[in-house]
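Some notes on the structure that comes next.
Number of protein chains: 4
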Amino acid sequence: MARPDTLIVCLVLIAAGMAAQPANADGHVLHPHDEVHNWGVWGKDDQKGAANYMTDERVVEAARLIRTGKRFSLAIPIDATGPVFPGRLNPHHTMVATGTDYAAGLSGPLDFGVYRFADDYIYMPLQGSTQWDGLSHGWYGDTLYNGVPQTQIGATGAAKLGMENLKDSMIGRGVLIDVVAFKGGPLPSGYSIRRADLEGALKKQGSKVLPGDIVIVRTGVVPHFYTLENAVERAEFWARPQAGIASDVVPWIKQTQVAAVATDNIAFERMPNEDDPDHLAPLHGNMLRDMGVYIGEIWWLEDLAADCAKDGRYEFFLAAQPLHIPGAVGSPLNPVAIK
Amino acid sequence: MARPDTLIVCLVLIAAGMAAQPANADGHVLHPHDEVHNWGVWGKDDQKGAANYMTDERVVEAARLIRTGKRFSLAIPIDATGPVFPGRLNPHHTMVATGTDYAAGLSGPLDFGVYRFADDYIYMPLQGSTQWDGLSHGWYGDTLYNGVPQTQIGATGAAKLGMENLKDSMIGRGVLIDVVAFKGGPLPSGYSIRRADLEGALKKQGSKVLPGDIVIVRTGVVPHFYTLENAVERAEFWARPQAGIASDVVPWIKQTQVAAVATDNIAFERMPNEDDPDHLAPLHGNMLRDMGVYIGEIWWLEDLAADCAKDGRYEFFLAAQPLHIPGAVGSPLNPVAIK
Amino acid sequence: MARPDTLIVCLVLIAAGMAAQPANADGHVLHPHDEVHNWGVWGKDDQKGAANYMTDERVVEAARLIRTGKRFSLAIPIDATGPVFPGRLNPHHTMVATGTDYAAGLSGPLDFGVYRFADDYIYMPLQGSTQWDGLSHGWYGDTLYNGVPQTQIGATGAAKLGMENLKDSMIGRGVLIDVVAFKGGPLPSGYSIRRADLEGALKKQGSKVLPGDIVIVRTGVVPHFYTLENAVERAEFWARPQAGIASDVVPWIKQTQVAAVATDNIAFERMPNEDDPDHLAPLHGNMLRDMGVYIGEIWWLEDLAADCAKDGRYEFFLAAQPLHIPGAVGSPLNPVAIK
Amino acid sequence: MARPDTLIVCLVLIAAGMAAQPANADGHVLHPHDEVHNWGVWGKDDQKGAANYMTDERVVEAARLIRTGKRFSLAIPIDATGPVFPGRLNPHHTMVATGTDYAAGLSGPLDFGVYRFADDYIYMPLQGSTQWDGLSHGWYGDTLYNGVPQTQIGATGAAKLGMENLKDSMIGRGVLIDVVAFKGGPLPSGYSIRRADLEGALKKQGSKVLPGDIVIVRTGVVPHFYTLENAVERAEFWARPQAGIASDVVPWIKQTQVAAVATDNIAFERMPNEDDPDHLAPLHGNMLRDMGVYIGEIWWLEDLAADCAKDGRYEFFLAAQPLHIPGAVGSPLNPVAIK
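Residue numbers (numbering that gives the first Met the number 0), protein chains in the order written: chain A, 0 to 338; chain B, 0 to 338; chain C, 0 to 338; chain D, 0 to 338.
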């Protein structure tokens, strides 16, 4: 039986969740907090959310999926060409020491003996390439996951729920759900991926989703973006609705107890919301704030998907740890699937 | 027998290596190219170097080291406090959308419906925290690994030997060589870690180094840096010689066929060079250019080392993939050891 | 007589100012708001503060000071070597297209016909070189200049009092007060520049301060910084109290109706506060928040001061417009004195 | 008579110029170097070029144009909305300390006593808003202005011809040539502004161009850009030819001995070149490399032009000094016209 103080904490958490429920939520745009939340499940001070499902035991089990040693990077190039959400900059890589300078005899500042070197910098949004959204990245009302007040997220970073909480995590079992293969091609603009699509694809594949998994949904959107030929086509792409996860998938995510859902589209969910287009990405609120489930975006799945289609194995060990950036609300990463 | 054209290629490569040997190298500062090089070993166009030792088979073998599921991040925080080599900037993390703005009612630009979000950016040197030095990062003479001309490394990045070559790699068997434990404490300023230190520590541990391994050498330097209390102490730290790998370790690295050597010091090797202090870091030339062996710097080993001391297992599965940054000469990463 | 609604506005402004007076201000650390403020002087919605003193008429008068055409930049180099307050980064300049790349034949990405070009970027704090502090940069209590709530200054910039308000301003009459010449040498660490110093120097020079002037006080601190020889000396410099303006100068600034005060020290005022060292830079509150007087920091005065000593003219036309960065709380600039 | 060594220097300079003439220049795309160059005019080591025309005397004369004291900023906002050439990033302004954080009680890191402050950073191309192109920004062949080899422009900046050479300059007489008023409206896409347009507008205005002037040509392109309503329209804008200066203006610029030509279009000249569209911006070569005349781009002229139309005075004092960034090949600035 729960100790009384735990009970009080839970009641407070539930009340906080209800209070935070936005007045204009009608059951379509957002699933009610108390139907889907994981607040208090791992303690009232927990900052890791559903990453807690990735236990040591599950990591050991996942390791048994490593049978051929083949490795697949699931990251797009971090460069100026990727599908970065308008308003964010593309990553910008600069060199501050080059071989061409040495060749030109312009190496004065770099003269440290026989050794020569090149050096570089990057300026980039932490949500501007293959990435994790952290639990401090999104919410609704005044509170984030586990009741953390939004006033904890300031100009010096996230005082709580920052990416440092994941530095030893996001490594375990991954499962690819190939909706592109299931539907017979890349999803069209604005397609809503429903629970039936995911379950249909899983059945076709013969795959199972287990607690603690990182579920990876293939949509074909990111590969499609790279086929666009010029700036006009890219501008038109951004003006259209985006294919993504539909609202009825949220309860399934809760029930399956997965740690994270990653996709090869722009922002996980169908955008704007199909029930009410005044809301851009409300399901992020259910995911990050209510359930504490992490969101992966702009992943690259083509190489992995081709291999899965060949060997029929859609499960793998996945090393998807973020960078260790304290106070960050998201992180670029290079997820590597190992079969 | 080698086919004639392969032979010619090898001769050209050897000649190029000899030609590139700096006139002032005397056998102390740099090991002669032809004694230690791996040029042509994986083909004349190879850009991965010793990462080729990390074969699929070795990854499968390494996976058997996952027994408890315990995970250890080997990354320092990416923030303003780390031991970044003078002349480079500390990473700089900024927020462009915050919860405090929403709380203040200043959320106009961020109003996309019920969903609220925080967003952030980073400006950082790719060699300014826990990192890999790529093969395009360092060389001597006019050529880099496998004879790539230095003129391939320009202001738009490394046209060859960039970090994109490692996007599916640097995952496999790791072995910790705890020189701190072997010597009875953190290494003093300017200490030269010799082959005998590494072999002594390995023997004490009962550990073996295998081909394709990522060898990790514990020095105690990075933890020491974090104990410094103010800017004066930190400035004095940088003015002193740095503890690191000595010259006689280079042939051992060649013989063991490891893929990479990472350390918890500033820049892998003893700096400046103990044989000739006019050379800051010449062994980087032997490592990156001649052998194609990767260098890891500024790693965090305290948590892992404590666990190894406890369970006596110094070998583990290591997920140390870099970010996928085309043309980058190095990369930050969050290496995670899994036992 | 003031119209009733104006009177009410003034009372509200005064009340707001009083309410904002911090409980621990004792008359030493901060001058009371109601003794020195300029709120409402230029209308309740004014966002330019004392820049309003730089009227068209005064600009015409100032133009008559242009007699020889000699020009003096009052800016330090924007580079990695300047005296940037710890916690801020030095400006970081990078090149993304170079001549050495063309020389090396690595110009593919830059091939636009016969024309060749170099291109560059900068990452810098807007308060990290010769600069203006804007009225949105500093305050005390909950309000900034003219009662603007601190909640107007968020992660997307200053919704009010941003540097865009100065885009047509900060050009007019400048007067150098050479305290170094008056005191016989650069000011020592922690020296408090009092009203008597300024008035003594002015008298010695035969100079007058007029309304709308930009007053420039020479301390010798920035030139001293550039004589420091290594990182240890620079760390020690930052650990010592800084020479700067003392508290009794504030009422003089109010009375003289100057638009701005600029100095060749780090942060205008003596730091920490000499009356209570728990307060780092409280006079900024009187300057920016109460009086709406702009602060210039880290200016370079050596060339101008030498010329003034030679020709005995300490007054000049000054072009000190900031960059046009909307929402910025400060700006780098290159102030040029013209005699 | 020139001393023999001067003569030799001149011959060498001329020979260098001829040698550097690109093989594919046919008299249309580029004016021959020896017809338009200013190499050696101000000495063989000169790095200021036509800024030398802005003598002290001309500054004194220009000051007489200050009659009303009205000031007009000629800078667009430095923000995410401006017409930045594709491939460059828009300036990116971030806040690292805010009032909303203080309001939320999240001010721990900023607690320095009563004083509160906001702080900000910028990442920007130096050619990404209202700007000067420096003499190190553009060239053809292997050499820049005055025979400086392209190998002087490396990853650590411009070793010669950097913006530091202008820190005391670009202040003097400005003259607006309102081609929009002359042609009866903003110039259409791809319009070539010919010498007759400039002379016609000058005659209509009753204006004269004098040596050392900064000539400012109004095209209407930048204001037109700001009327574009979405990303698709902006992408289409960049896909069309750009209105700008035509080839026959180059000799006129040489003859008038102006220091600089600035425009309110994207990149000064008609792009691509109308004689041979394989060349994007060859006239930059004649301007920067041959004549040493500075180019101003993306200026904002609407407010100034309206005032000139009203009072009939198209001449003014112009404070157009760049930032003092050593080694920079260009600089943002806030040019202010004073009438």
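Glycine included, each C-beta is placed from N, C-alpha and C at the ideal position. Just so it is clear, the structure is predicted and the values come from calculations on it, not from any experiment.
Closest Cα partner of residue i within the set the options
| i | options | result |
| --- | --- | --- |
| Lys182 (chain C) | C:Ala102, C:Ile192, C:Glu301 and C:Phe315 | C:Ile192 |
| Gln256 (chain B) | B:Tyr52, B:Ile170 and B:Asn272 | B:Tyr52 |
| Leu165 (chain A) | A:Trp131, A:Phe224 and A:Pro148 | A:Trp131 |
| Ala157 (chain C) | C:Lys203, C:Val58, C:Leu143 and C:Ala336 | C:Leu143 |
| Tyr122 (chain A) | C:Phe116, C:Asn145, C:His92 and C:Gly137 | C:His92 |
| Ser128 (chain D) | D:Leu279, D:Ala261 and D:Pro281 | D:Ala261 |
| Pro321 (chain B) | A:Ser72, A:Trp138 and A:Gly329 | A:Ser72 |
| Ile75 (chain D) | D:Ile297, D:Asp306 and D:Gly199 | D:Ile297 |
| Lys416 (chain B) | B:Arg312, B:Pro85, B:Gly112 and B:Leu134 | Outside the shown range of chain B, which is 0 to 338, sits residue 416 (chain B), and nothing can be said about it. |
| Pro240 (chain C) | C:Phe267, C:Ser135, C:Gln149 and C:Leu134 | C:Phe267 |
Element boundaries [alpha helix (DSSP H), containing residue i]
| i | result |
| --- | --- |
| His32 (chain B) | His32 to Val35 |
| Pro222 (chain D) | Val220 to Thr226 |
| Glu60 (chain A) | Asp55 to Ala62 |
| Glu301 (chain B) | Glu301 to Asp310 |
| Asp343 (chain B) | Absent from the model: residue 343 (chain B). The displayed extent of chain B is 0 to 338, so no value can be given. |
| Leu201 (chain A) | Arg194 to Gln204 |
Delimiting residues of the beta strand (DSSP E) encompassing residue i
| i | result |
| --- | --- |
| Trp237 (chain A) | That residue, Trp237 (chain A), is in no beta strand (DSSP E); its alpha helix (DSSP H) goes Ala230 to Ala238. |
| Trp131 (chain C) | Gln130 to Asp132 |
| Val214 (chain D) | Ile213 to Arg217 |
| Thr262 (chain A) | Ala259 to Thr262 |
| Leu175 (chain C) | Ile170 to Asp177 |
| Val249 (chain A) | Segment Val248 to Thr255 is the alpha helix (DSSP H) holding Val249 (chain A); no beta strand (DSSP E) there. |
| Met286 (chain D) | Run containing Met286 (chain D): none; DSSP gives neither H nor E here. |
| Ala318 (chain D) | Glu314 to Ala318 |
| Asp119 (chain B) | Asp118 to Pro124 |
| Val335 (chain C) | Val335 to Ile337 |
Same chain, Cβ closer than 8 angstroms to residue i, neighbours up to 5 away in sequence not counted
| i | result |
| --- | --- |
| Pro187 (chain C) | Ala242 |
| Asp247 (chain C) | Arg193 and Arg194 |
| Asp78 (chain A) | Asn89, Pro90 and His92 |
| Pro124 (chain B) | Val83, Arg87, Leu88 and Pro90 |
Buried/exposed call for residue i, threshold 16 Cβ in 10 Å
| i | result |
| --- | --- |
| Gln254 (chain A) | exposed |
| Tyr225 (chain A) | exposed |
| Gly104 (chain D) | exposed |
| Lys338 (chain A) | buried |
| Glu228 (chain D) | exposed |
| Pro276 (chain C) | exposed |
| Pro281 (chain A) | buried |
| Lys309 (chain D) | exposed |
6 angstroms CB neighbourhood of residue i in its chain, flanking five on each side removed
| i | result |
| --- | --- |
| Ala24 (chain C) | Any reading at Ala24 (chain C) must be qualified, since the residue scores a pLDDT of 43, below 50, and its modelled position is unreliable; the value itself is stated next. The answer is none, since no qualifying residue turns up. |
| Ala304 (chain C) | Asp177 and Arg217 |
| Gly326 (chain B) | Gly156, Ala157 and Gly161 |
7 angstroms CB neighbourhood of residue i in its chain, flanking five on each side removed
| i | result |
| --- | --- |
| Ala319 (chain A) | Met169, Ile170, Ile213, Leu332 and Pro334 |
Can you pull out the residues from the stretch 276 to 295 of chain A whose beta carbon lies closer than 8 angstroms to at least one beta carbon of chain B?
Asp277, His278, Leu279, Ala280, Pro281, His283 and Gly284
_Please identify, using Cβ separations under 8 angstroms, the residues of the stretch 313 to 326 of chain D that lie next to chain C, in order along the chain._
Phe316, Ala318, Gln320, Pro321, Leu322, His323, Ile324, Pro325 and Gly326
Discussion item. What are the residues in the stretch 113 to 128 of chain D lying within 7 angstroms of chain C by C-beta distance?
Written reply: Val113, Tyr114, Arg115, Phe116, Ala117, Asp118, Asp119, Tyr120, Ile121, Tyr122, Met123, Pro124, Leu125 and Gln126
Next on the checklist: Please identify, using Cβ separations under 8 angstroms, the residues of the stretch 205 to 220 of chain B that lie next to chain D, in order along the chain.
Outcome noted: none
| message | Which residues of the stretch 89 to 103 of chain A have a Cβ closer than 7 angstroms to any Cβ of chain D? Give them in chain order. | response | Only His91, Met94, Val95, Ala96, Thr97, Asp100 and Ala103 from the stretch 89 to 103 of chain A bring a Cβ to less than 7 angstroms from some Cβ of chain D.
Requested in this report: Taking a Cβ distance cut-off of 9 angstroms, strictly less, list which residues of the stretch 30 to 52 of chain C are near chain D, in chain order.
Outcome: Within the stretch 30 to 52 of chain C, no residue has a Cβ that lies closer than 9 angstroms to any Cβ of chain D.
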